[in-house]
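In my numbering, the protein residues as written are 177 to 359.
First comes the structure, then the notes that go with it.
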Amino acid sequence: MELHLIRHPRPDVPPGVCYGQADVGLAEDASDVAARLRPLLPADYVLHASPLARARLLAEALGTPVLDARLKEIHFGDWELRPYADIGTAIDAWADDPLGFRAPGGESAREMAARALHWLGELQQAAPAQPVVVVAHGGPLRAIAGHLLGLPAERWLSLDFGCGQVTRIDVESWGVVLRWFNR
Numbered sequence: 177m178e179l180h181l182i183r184h185p186r187p188d189v190p191p192g193v194c195y196g197q198a199d200v201g202l203a204e205d206a207s208d209v210a211a212r213l214r215p216l217l218p219a220d221y222v223l224h225a226s227p228l229a230r231a232r233l234l235a236e237a238l239g240t241p242v243l244d245a246r247l248k249e250i251h252f253g254d255w256e257l258r259p260y261a262d263i264g265t266a267i268d269a270w271a272d273d274p275l276g277f278r279a280p281g282g283e284s285a286r287e288m289a290a291r292a293l294h295w296l297g298e299l300q301q302a303a304p305a306q307p308v309v310v311v312a313h314g315g316p317l318r319a320i321a322g323h324l325l326g327l328p329a330e331r332w333l334s335l336d337f338g339c340g341q342v343t344r345i346d347v348e349s350w351g352v353v354l355r356w357f358n359r
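Take a look at the structure:
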């Protein structure tokens, strides 16, 4: 399976603001980003995306996506759209346990990864003949790529997907190949 992972374009969020599942707009035009990415994508593909606007708008500029809530970013609960400075020392608990910590009313990175990997398992079971393009968020893309590349979950955060960039991973019967990252 030829898998192209795209992180949404830059969101229209001030620096230092927590915005997990908050449905924020874009700071750049989705059509411009799609035009820039199109030469890196195969001519024909199956398109999947998060339903959050920042991913969905790019996916719609690329084609007709299958939207799946399991591809949404982590839910930060009461922290959504709050400046990190206002969260204060509570953020230290997250730094101490980045996979298991859950913001009040939100979900943990481990829970987010489980839903993204459930989606991936269904995709792999379907064994699509065409290449697959996924437009989503940093969290789910880290979980998908980290899992496919055999990295321990604690290392997934080191996969820094750039906004409006694409990564290609080929999943073969004999193993997985990272063809390129953040183009």
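Glycine residues also receive a C-beta, built at the ideal position from the N, C-alpha and C atoms.
>> With DSSP as the reference, identify every bridge partner of L354, one or two as the case may be.
In response: I345
>> Can you list, in chain order, the residues of its chain with a C-beta nearer than 7 Å to that of W255? Leave out the 5 residues immediately preceding and following it.
In response: C194, I263, A279 and G282
> I think V311 touches L234, with their Cβ atoms under 8 Å apart; what is that distance to the nearest whole Å?
Replying inline: 5 Å
>> Do I345 and M288 have their beta-carbon atoms positioned less than 9 Å apart in this structure?
In response: no
> Quick one: Cα of T240 to Cα of P304, how far?
Replying inline: 16 Å
> How many Å lie between A321 and A231 at the Cα?
Replying inline: 17 Å
>> When you compare the CB positions of R217 and H184, do they come within less than 9 Å of one another, or not?
In response: In the sequence under discussion, the amino acid at residue 217 is Leu, which differs from the Arg named in the question. Their beta carbons are not under 9 Å apart, which means L217 does not touch H184 by this criterion.
>> Let me check understanding here. Comparing Cα to Cα, which of V342, C339, Y260 and R355 lies closest to L325?
In response: R355
> Can you tell me where the beta strand (DSSP E) with L223 in it begins and where it stops?
Replying inline: V222 to A225
> What do you get for T343, buried or exposed, if any count of 16 or more other CB atoms within 10 angstroms of its CB means buried?
Replying inline: buried
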